[in-house]
Amino acid sequence: MDTSKRPALVPTLPRTLYLETTNRCDSACQTCIRTFHTLEPPKDLTLAEVQQIVEQFPVLERVVLHGIGEPLLNKQIFEIVAYLKTRGATVLFNSDAISLTQKRAAQLIDSGLDEYRVSMDAATRATYAKLRGVDQFERVIRNVGALVTLQQQRGSNKPRISLWFTTLKANLDELPAFIRLAVRLGVPEVNAQRLVFNGYGLAVQEQSLHRHLEEREHHLIREAEALAQQSGIVFKASGATTPLQSLSGTAPDQRPWAGCQRPWTLSYVTANGNVLPCCIAPWTTTSYRQLVLGNAFTTGFQHIWNGARYQQFRQDFESDVAPDPCRGCGWLWSF
Numbered sequence: 007m008d009t010s011k012r013p014a015l016v017p018t019l020p021r022t023l024y025l026e027t028t029n030r031c032d033s034a035c036q037t038c039i040r041t042f043h044t045l046e047p048p049k050d051l052t053l054a055e056v057q058q059i060v061e062q063f064p065v066l067e068r069v070v071l072h073g074i075g076e077p078l079l080n081k082q083i084f085e086i087v088a089y090l091k092t093r094g095a096t097v098l099f100n101s102d103a104i105s106l107t108q109k110r111a112a113q114l115i116d117s118g119l120d121e122y123r124v125s126m127d128a129a130t131r132a133t134y135a136k137l138r139g140v141d142q143f144e145r146v147i148r149n150v151g152a153l154v155t156l157q158q159q160r161g162s163n164k165p166r167i168s169l170w171f172t173t174l175k176a177n178l179d180e181l182p183a184f185i186r187l188a189v190r191l192g193v194p195e196v197n198a199q200r201l202v203f204n205g206y207g208l209a210v211q212e213q214s215l216h217r218h219l220e221e222r223e224h225h226l227i228r229e230a231e232a233l234a235q236q237s238g239i240v241f242k243a244s245g246a247t248t249p250l251q252s253l254s255g256t257a258p259d260q261r262p263w264a265g266c267q268r269p270w271t272l273s274y275v276t277a278n279g280n281v282l283p284c285c286i287a288p289w290t291t292t293s294y295r296q297l298v299l300g301n302a303f304t305t306g307f308q309h310i311w312n313g314a315r316y317q318q319f320r321q322d323f324e325s326d327v328a329p330d331p332c333r334g335c336g337w338l339w340s341f
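The numbering used here applies: residue 7 is where the sequence shown begins, and numbers increase by one.
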C-alpha cells in the first residue's frame, strides 16, 4: 500500500468555502454548462442560509461567492459580503458586470469586498457576443469604467478589480488587445483562464489551447505578456502561474489530477445547499446526482465533510482512476 496517499478522514473543516450565491444568470456563455443544461432549480442563497452554513466553521480564511450564476443578481449579495467580512475572511467573486449599476458599484465598495473579477473573454463587441451569448460588451465597458472612477474618487483600493479571459482558439487573437483594454479602463490585473471543455457550445476539445500551443499562439501570449509588463498590468493565470506556463502544461501525464488539494482544503455549496467537491466539477461530471456529497441545509457540515460520500470521493481521488468529475482535470486549474 502507498502510505503517501492522503487520508479519507479530515479532522478539521476547510478554511476555504465556495458559496454559489445564485444559479441565475444574465449571460448565455458558450463555454458554460448552465447555458446547455439545468442542473438545479433556480435559487438564490439568502443571508440567513449563508449564516446557517458559515457559523459551523471555526475559521474561514477565504470565501468565494460565485458558481453557476451571476452574483449581482442576488438582492442580498452586499449584505452577504458584509457579514462574511465580520468573520475576517477574504471575500471575492467573478461577475459579468452587466448589472453593475452606479448604485451597485457604490454598494460593492461599501460592502468590503476584497476582489471583483470581471469575466469578459473578449476585446471586441463581436467576439464578446459570440462567446458570452449576449450583446452587452459596451455596457460592461461602461460599468467597469464607472466602478474604477468611483474607486478613484473615494480613494479606495477595494475591491481589487481584475479582467478575466478564458483562452480559446476562437478568441486568442484578442488577448493583446484585452491587455490594452485593461490599461484603458485602469484595471490593474488580467487573468487568463484555461478552458474547461465538456463538449457543449465552444467548450470543446478543438478550442482548447492547453498543451496544443502553436508558434503563432506562443507569439500572441508573449506579446500580451510584454504589453502587460510595459503597462504595469499584473498578468497571470491558473494556479498563480504565468499564462504561458499554464497553457503549455505542467501536469504529469500519469494521474494529472493528483496535484489538486481541493478535496482536503475546500468545499463548494450550491444555491440549493448541495455540497460538491469543487466549482469545476459541475462542468465536467457525467452524473450530477452522484457528484452531490450532501446538503448543507439539512445536514451539519462536519457530518458531510467526513461523511461516507466525501470519504469515498477522497479514496477514489487517490486511486489510479480519477473520480468522474476529475477525469479530465489537470493540475493548475483556476482557483
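For every residue, glycine included, the Cβ atom is placed at its ideal position computed from N, Cα and C. What you are looking at is a predicted structure, and each value in this text was computed from that prediction instead of being measured.
When the Cα of residue i is compared with those of the options, which residue comes out closest?
i, options, result
"Thr37", "Arg333, Gln211, Pro77, Lys91", "Gln211"
"Gln199", "His216, Leu187, Asn301, Gly192", "His216"
"Val56", "Tyr134, Thr27, His43", "Thr27"
"Asn204", "Gln213, Val146, Asp50", "Gln213"
"Leu343", "Gly192, Gln158, Ala176", "Nothing can be reported for residue 343, as the shown portion of the chain is limited to 7 through 341."
"Leu98", "Glu76, Gln108, Leu201", "Glu76"
"Ile373", "Leu282, Val202, Asp179, Ser273", "Because the chain here runs from 7 to 341, residue 373 falls outside it and cannot be looked at."
"Leu19", "Val65, Thr44, Leu51", "Val65"
DSSP state of residue i, grouped into three classes?
i, result
"Ser325", "coil"
"Thr27", "coil"
"Ser340", "Residue placement at Ser340 is poorly supported in this model, since its pLDDT is 44, which falls under 50; the coordinates are not used for a value here."
"Thr173", "coil"
"Arg166", "strand"
"Asp8", "Confidence at Asp8 is low in this model, with a pLDDT of 46, below 50, so its placement is unreliable and no value can be given for it."
"Thr22", "strand"
"Phe150", "Reading off the sequence shown, one finds Val at residue 150, where the question assumed Phe. Looking at Val150 - three-state DSSP - the assignment turns out to be helix."
"Ala209", "strand"
"Thr247", "strand"
"Ala128", "coil"
"Leu78", "helix"
For residue i, count neighbouring C-beta atoms within 10 Å of its own C-beta (all shown protein chains included) and say buried if the count is 16 or more, exposed if not.
i, result
"Glu61", "exposed"
"Gly300", "buried"
"Gly279", "buried"
"Leu25", "buried"
"Leu15", "exposed"
"Thr92", "exposed"
"His309", "exposed"
"Ala111", "buried"
"Asp141", "exposed"
"Pro17", "exposed"
Please list the terminal residues of the continuous beta strand (DSSP E) segment that includes residue i.
i, result
"Gln366", "Because the chain spans 7 through 341 in this model, residue 366 falls outside it and cannot be assessed."
"Lys242", "240 to 243"
"Asn100", "96 to 101"
"Tyr274", "272 to 275"
Would you please state the rounded distance, in angstroms, between the beta carbons of residue i and residue j? I believe it to be under 8 Å.
i, j, result
"Ile83", "Ser33", "That pair is no contact at about 16 Å."
"Phe42", "Gly161", "About 44 Å; that fails the 8 Å criterion."
"Cys35", "Arg138", "5 Å"
"Arg12", "Trp263", "About 13 Å separates the two Cβ atoms, so there is no contact after all."
"Val146", "Asp116", "That belief does not hold up - the Cβ atoms of Val146 and Asp116 are roughly 21 Å apart, past 8 Å."
At which residues does the alpha helix (DSSP H) containing residue i begin and terminate?
i, result
"Lys109", "108 to 117"
At a cut-off of 7 Å, is residue i close to the ligand FMN when judged by its beta-carbon and the heavy atoms of the ligand?
i, result
"Leu169", "Ligands are entirely absent from the displayed structure, and the ligand FMN is therefore not among its contents."
Determine, for residue i, whether the minimum Cβ-Cβ distance to residues of chain B falls below 8 Å.
i, result
"Val124", "Absence of chain B from the displayed structure is noted, only one protein chain being present."
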